[in-house]
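In what follows, a single structure is set out as structure tokens and then discussed.
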Amino acid sequence: MAFTNHVFISYSHPDNLSVSGKGFVSRLEDALLPYLSNRLKRTPPKIWRDQRLSDNVDFDPVIIDSLKASAVLLAVLTDNYVGPAGCRREASTFCDAAEAGLGLSPGDKARLFKVVMLPPSALDGLPEAMLKQGRGSSFFTRVDKNRRISQDERDTPMPLDPSYGADYESQFNLAVSLLAAEIADSLKALDNAAAGTSTDPKKAFVYLAQCDDDRRADREALRSELLQFGYRVLPDRELPRSDTELRVVVADMLARSVLAIHLLGSGPGQVPSGVREDSDLVIQNELALQRAQVAPLRRLVSLPRGTVCPRERHQKFLDALLTDEGALGQAELIDGDRSKPIEEMHVALKAIEEEVSQASAEAAAQAAAEAANTADAQSRRTPATGAAAQPAKLYMLYTIDDLQATGDLRGALEARYDLSTPVFEGPPDAIRKANEARLLDCDAVLLFWGAGTDAWLSDHLAEVQHALAGRHGRPFSAVLQCVAGKLTGLKKDRVRKPRPNVINALQTDPTAALSDPAAAAIDTAAVVTAIDAPVDAATAAAAATPGT
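Residue 539 is where the sequence shown ends in the numbering used here, and the numbering goes up by one at each step.
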């Protein structure tokens, strides 16, 4: 491994205080070490944390150097962590160092992990990359007024401190084991990224809907199972807290998924801000139902038999799933015990893979026939001697919503290059494989970031990086980002300083329609110049790294 430390534990020192024995962070480190050793086989893991007794000390060079020399950051979240500037600075320093190197998500594996010891009341001041991550690993439970473990979000959260009893200890050990498995996967992905190699080909996305606390452990078990079998799990970041933004982000994630799984119970979920009163559980189910009506998306809904919720609005939602075909749609309802979702998930994924395999075989046969016809036509067209040099193969990525905005640019590029564009229609996995083939075959890549979200750009940069392993040492001549469309904070940050691989084509007129090609004012000549400019392998690899 290229890093001195496998894991840097970032925490607020008061969170490691204990009435007797070791504190929470010390117990976490002690438990993580053997679990991680088992996952890494022969590589002894090295975990670093600041052993001093207070947060009120200078942010010295030792901490900075240790952060930069660490493969993974493990942040122990509480209100104590969010408050001190030192903790926030540790997280920011790590994120900056990671983004300047191999990125925060090599091979779609996170380098930033959140251990939620106690849910913070706010996350203000934390790095954007940390906020974009999912909710993190829950290392707490809730206790009611009778001191019994509860699933009611209104009850008092308590850390999973093994000193509280056997139930707490077993939950703590399971949470550490799952966390160690994810960290080990990330460390392997980092090694592969540094070596320019790759693990097995990435499998499809599965949307594992956010759930309430009463199904949190079931969701963690499903997520661990999916990751173990190579599937990519969404949501992979914290979901927005406003109704409008939540719907946009979830719809985008569902559009990339082949399977949606919803775990429902007595917990009513969270109601995002806005004029509507639907919970995040209702919204996710509604959007998945809508997606399944227009595209191939299998759906599983787990609702244990006899589930009752004291909140009338949520109970009506549960009743509708049982009695109203319109609310459930074509989803498979799983009302058995809590082990059934894992079984049914594997059945659904096997069926999806069989469908994709058949579609891929048919697509390959069609592509072979088209290639043969093209080769035959070219042989009749091209003279035997003195043939002109073949144009460079350019793969231009954009969203389907950018079809109109990219029209003129695509026309200009087609006149100069052998241009290929994304496949948008067909089974999700067949689409993915077709687009991966384009990445393996092309000479250069142009990512047009217009209507796409920040997540879209990050995901596609990761796919470009991943494709390098399958190109057998053949680097891209260029990996360019054309930042266009409406001006947003993220896009403004992307073009804040001149970069040879970033082309600024942002709209200057905020009232112009996003689909208006003229409003983008794309400098086609600048795009052509950037593509044709010679780029060494290191620069091309860096340009393909997410975050650059």
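A virtual CB, placed ideally from N, CA and C, is assigned to each residue, including glycine.
Counting along the chain, the unbroken alpha helix (DSSP H) around D56 starts and ends at P52 to K59. Contact annotation: L181 and A62 have beta-carbon atoms nearer than 7 Å. Two segments are said to touch when three or more pairs of C-beta atoms, one from each, lie closer than 8 Å; by this definition the segment 471 to 478 does not touch the segment 413 to 432.
Two segments are said to touch when three or more pairs of C-beta atoms, one from each, lie closer than 8 Å; by this definition the segment 111 to 126 touches the segment 220 to 230.
When DSSP states are grouped into helix, strand and coil, N137 belongs to the coil group. Secondary structure note for D450: its alpha helix (DSSP H) is the uninterrupted segment D445 to A458. Out of N71, R210, A496 and A200, the CA that lies nearest to the CA of V240 is found in A200. Of the candidates L178, L400 and S1, the residue whose Cα lies closest to the Cα of E81 is S1. By the C-beta density criterion, H463 is exposed, having fewer than 16 other C-beta atoms within 10 angstroms. By the criterion of a C-beta distance shorter than 6 Å, E335 is surrounded in its chain by L291 and I325, once the five residues flanking it on both sides are discounted. Counted as a single uninterrupted DSSP element, the alpha helix (DSSP H) harbouring Q306 occupies residues E303 to T314.
Per the C-alpha coordinates, the member of L288, Q219 and I274 positioned closest to S248 is L288.
For Y198, the enclosing beta strand (DSSP E) begins and ends at F196 to L199. For the segment 102 to 184, the continuous alpha helix (DSSP H) assignments of 4+ residues that do not extend past its boundaries occur at 119 to 123, in sequence order. Remark: fewer than three beta-carbon pairs, one from each stretch, lie closer than 8 Å, so the segment 63 to 70 and the segment 24 to 33 are not flagged as touching.
Contact annotation: the segment 197 to 216 touches the segment 269 to 284, with at least three C-beta pairs closer than 8 Å.
In this structure, the CA atom of A279 is about 14 Å from the CA atom of S293. Checking the DSSP bridge columns, you'll see S248 partnered with F196. Under a 10 Å Cβ-count criterion, A91 is classified as exposed, with fewer than 16 other Cβ atoms of the shown protein chains found around its own Cβ. Straight-line spacing of the CA atoms in Q395 and S3 works out to 51 Å.
Sequence-distant partners of F308 (beyond 5 residues in either direction) whose C-beta falls short of 7 Å from its own C-beta, in its chain, are V273.
Nearest Cα to G94 within the set L178, A435, D41 and V262: L178. Residues T390, D392, D393, G476 and L505 of the same chain have their beta carbon placed closer than 7 Å to that of A442, with the five preceding and five following residues left out of the count. In the DSSP assignment, Q284 falls within the unbroken alpha helix (DSSP H) covering D271 to V285.
A direct Cα-to-Cα measurement between D56 and R79 gives close to 16 Å. Using a 10 angstroms sphere on the CB of A406, the tally of other CB atoms stays under 16, which defines it as exposed. For F439, the enclosing beta strand (DSSP E) starts and ends at A435 to W440.
Measuring C-alpha to C-alpha distances from L410 to each of D41, L388, S129 and L459 identifies L388 as the nearest. Around the Cβ of D315, a 10 Å sphere holds fewer than 16 other Cβ atoms; the residue is exposed.
R18 is the residue among S270, R18 and D87 whose C-alpha sits nearest the C-alpha of M108. Residue range R207 to Q219 is occupied by the alpha helix (DSSP H) that includes S215. Leaving aside the five residues that flank V16 on each side, the residues in its chain whose CB is nearer than 8 Å to its CB run, in chain order, I0, Y2, D6, N7, R40 and V67. Taking the Cα of P295 as reference, the smallest distance to any Cα among L237, G317 and E323 is reached at E323. With contacts defined as CB atoms closer than 7 Å, R223 and L254 fail to qualify as a contacting pair. In this structure, Y408 sits away from L438, with a CB-CB distance that is not shorter than 7 Å. For C473, there is no enclosing alpha helix (DSSP H); the enclosing beta strand (DSSP E) covers residues A469 to G476.
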